[in-house]
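2 protein chains.
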Amino acid sequence: MKLTSKGRYAVMALVDLARFDNINPVSLRDISLRQGISLDYLEQIFSKLKRNNIVKSIRGTQGGYILSKNPNDIKLTNIFYAVDEKVKTVKCNKEIKRGCNGKSTKCITHDLWDELETHINSFFENKSLEDLINNKKETRV
Amino acid sequence: MKLTSKGRYAVMALVDLARFDNINPVSLRDISLRQGISLDYLEQIFSKLKRNNIVKSIRGTQGGYILSKNPNDIKLTNIFYAVDEKVKTVKCNKEIKRGCNGKSTKCITHDLWDELETHINSFFENKSLEDLINNKKETRV
DNA sequence: TCTAAACTTGACCATTTTAGTCAGGTATGT
DNA sequence: ACATACCTGACTAAAATGGTCAAGTTTAGA
Chain A
1 MKLTSKGRYA VMALVDLARF DNINPVSLRD ISLRQGISLD YLEQIFSKLK RNNIVKSIRG
61 TQGGYILSKN PNDIKLTNIF YAVDEKVKTV KCNKEIKRGC NGKSTKCITH DLWDELETHI
121 NSFFENKSLE DLINNKKETR V
Chain B
142 MKLTSKGRYA VMALVDLARF DNINPVSLRD ISLRQGISLD YLEQIFSKLK RNNIVKSIRG
202 TQGGYILSKN PNDIKLTNIF YAVDEKVKTV KCNKEIKRGC NGKSTKCITH DLWDELETHI
262 NSFFENKSLE DLINNKKETR V
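As structure tokens, then:
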């Protein structure tokens, strides 16, 4: 049960981005340097964040990324969903009609894992980017 | 962020075991058949559960495993710890003095992941095997 | 207009983890 | 003695992870 780098990096990068003003775009290069995340890897992550309308990109010199919405409207759920960081406690997929062990019934502890999933997701649904930056905002020099 | 089979199987197997009386030992073969888990894999798992004093083994014909303690005293935490299913949200280890990104400070979202870890662990600490078997006990035929 | 900064895309890959299998044992009730 | 069941360690195929690399396109500013 562990969080992957992709999910962690996505949140770290967005917090970094949000801490700087969201009028001037922030380049991935800056984020990469400040947070110690590989630039190439960040590009993969931001491509997903963009597709999911969490950030907007501005190309060219002095370009970069800015948030698409208010930090208060970006929940961890949204970020994780965007980068495919899913909370998966059971192997079985809801679309598959068969149960959890390949048997016809759901496994003996199915409800437990469902409950766990809900428990974890509620944490993510209640945390927004705004909560994470607090009053730690900085202005780009 | 997903639960591994080892953790899931351990809990499933123990719930299965607990649902039958804990005086007559239950063989892994039975659990394997009922829960659809490979016998060889179960043996690996139970060897860990035994080392962590969650189950006792009885060898020979009619042998098997029984719980070492009352189902109420076996928390999910204990089970997961036994089979190395850890909740890990940050890469950095507490023993390593350096921060999360190989930098000297802890990463910008460190506290968040700590909070998440606590949130998840509290779920595991408050669930016992007893909670999972409820009044679903069965008697071996 | 030229150039460098920055985004964009897709392929590729080494390492680690997962989820087991396999092949031998040893102990014990009947 | 023999079948049942525990016990142990080595091995491995497949997937996931955590990236790198290469080759673009776009645009601001000199």
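Those sequence lines, one after another, are chains A and B.
Quick note: the first sequence uses the working numbering, first residue 1, plus one each step.
Quick note: the second sequence uses the working numbering, first residue 142, plus one each step.
The beta-carbon is built from N, C-alpha and C at its ideal position, and this holds for glycine as well.
Taking C-beta to C-beta, are residue i and residue j nearer than 7 Å?
i, j, result
"Val26(A)", "Phe20(A)", "yes"
"Ser263(B)", "Asn213(B)", "no"
"Lys189(B)", "Ala223(B)", "yes"
"Ile261(B)", "Val228(B)", "yes"
"Ile178(B)", "Tyr150(B)", "yes"
"Leu42(A)", "Ser32(A)", "yes"
"Pro117(A)", "Lys75(A)", "The sequence as given places Glu at residue 117(A); Pro does not occur at that position. Their beta carbons are not under 7 Å apart, which means Glu117(A) does not touch Lys75(A) by this criterion."
First and last residue of the beta strand (DSSP E) that includes residue i?
i, result
"Ser198(B)", "196-199"
"Ile66(A)", "64-67"
Contact criterion: CB-CB distance below 7 Å. Does residue i meet it with respect to chain B?
i, result
"Leu3(A)", "yes"
"Phe46(A)", "no"
"Thr109(A)", "yes"
"Val11(A)", "yes"
According to the neighbour-count rule (16 or more other Cβ atoms, all chains shown, within 10 Å of its Cβ), is residue i buried or exposed?
i, result
"Asp84(A)", "exposed"
"Asp16(A)", "buried"
"Asn219(B)", "buried"
"Thr109(A)", "buried"
"Ile164(B)", "exposed"
"Met142(B)", "buried"
"Gln203(B)", "exposed"
"Asp255(B)", "exposed"
"Leu273(B)", "buried"
Got a sec: is the Cβ-Cβ distance from residue i to anything in chain A below 7 Å?
i, result
"Lys229(B)", "yes"
"Thr202(B)", "no"
"Thr259(B)", "no"
"Phe264(B)", "yes"
"Val156(B)", "yes"
Could you please give the first and the last residue of the uninterrupted alpha helix (DSSP H) stretch that includes residue i?
i, result
"Ser188(B)", "180-192"
"Leu258(B)", "Going by the sequence as given, residue 258(B) is Glu instead of Leu. Start and end: 251-266."
"Thr77(A)", "76-82"
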